[in-house]
Amino acid sequence: MNDTIKNTFDFESAFETLQGVVKRTPLEFNAGLSLKYNANIYLKREDLQIVRSYKLRGAYNKISALNADALKNGIVCASAGNHAQGVAYSCKKLGIKGVIFMP
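Under the numbering used here, think of the first position of the sequence shown as 13, with each following residue one higher.
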């Protein structure tokens, strides 16, 4: 399988996995940045997610792909920010024990 096909498959698989977990967030035109950089600038509003970040997407997609053997002892994460929130929410949603260490 070539990289393009594999990446397309990964993208579609992640899209399906994340249905009902993340919100579809809007692109919002930003007039100030567009004027400053003489380009049409849009911001992806991932701050509207339940954990206020895009980090939920990667955390949930990865954790939900783990097999039962990998999950038997739970999930451990070291983060003081958005990734920790994504992991904690994912563990709660999936019913998995999770421990977050904040450096």
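C-beta atoms are modelled at their ideal positions from N, C-alpha and C, and glycine is treated no differently. All of these numbers come straight from a predicted model, not from anything done at the bench.
- Shown here, Leu-30 sits in coil according to DSSP, grouped into three states, outside any helix or strand.
- Under the three-state reduction of DSSP output, Lys-56 falls in the strand class.
- Inclusion of Val-34 and Arg-69 in the CB contact set at 7 Å is warranted, their separation being smaller than that value.
- When the beta-carbon positions are compared, Gly-107 and Gly-86 stay at least 7 Å from each other.
- Taking the Cα positions, Asn-50 is about 13 Å away from Phe-41.
- Around the beta carbon of Ala-77, fewer than 16 other beta carbons sit within 10 angstroms, so the residue counts as exposed.
- Leaving aside the five residues that flank Leu-60 on each side, the residues in its chain whose CB is nearer than 7 Å to its CB run, in chain order, Lys-35, Thr-37.
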